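Engineer: Numbering (this note's numbering), first residue to last: 41 to 120. Sending over a structure as structure tokens; questions will come in a sec.
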């Protein structure tokens with residue numbers, strides 16, 4: 041848990057920046073003009089496209105997280 045909290049701020053900031061950028065795109069405006077609700081546009085169109093960059097960073101941090109778990113288990117003798 042402690043190891044995962046380390047990167048949450050960076051991921052949240054990156055997700056917010058991606059969402060701000062995606063919400064200005066033309067396809068978001070088109071979806072709103074077609075009559076879709078704001079929540080539907082955010083979940084189905086904006087969030088799916090905005091999570092590309094944060095997902096890449098999460099996958100790059102995954103090996104670091106696994107290495108950190110092994111080190112913590114060895115140093116503090118936590119089981120599992």
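For every residue, glycine included, the Cβ atom is placed at its ideal position computed from N, Cα and C. Since this is a predicted model, take the numbers as computed values, not measurements.
Excluding the 5 residues flanking residue 86 on each side, which residues of the same chain have their C-beta closer than 7 Å to its C-beta?
Structural biologist: 59, 62, 63 and 68
Engineer: Return the Cβ separation of residue 121 and residue 51 in integer angstroms, given the expectation that the two are a contact with Cβ distance under 8 Å.
Structural biologist: Nothing about residue 121 can be reported from this structure: the residues present for the chain run from 41 to 120 only.
Engineer: Determine the DSSP secondary structure at residue 80, reduced to helix, strand or coil.
Structural biologist: helix
Engineer: Measuring alpha carbon to alpha carbon, tell me which residue in 83, 109, 71 and 84 is nearest residue 45.
Structural biologist: 109
Engineer: By the three-class DSSP mapping on this structure, what secondary structure does residue 49 have?
Structural biologist: helix
Engineer: Here's the rule: buried if 16 or more other CB atoms are within 10 angstroms of the residue's CB, otherwise exposed. What is residue 83?
Structural biologist: exposed
Engineer: Which value, in whole angstroms, describes the spacing of the CA atoms of residue 56 and residue 71?
Structural biologist: 20 Å
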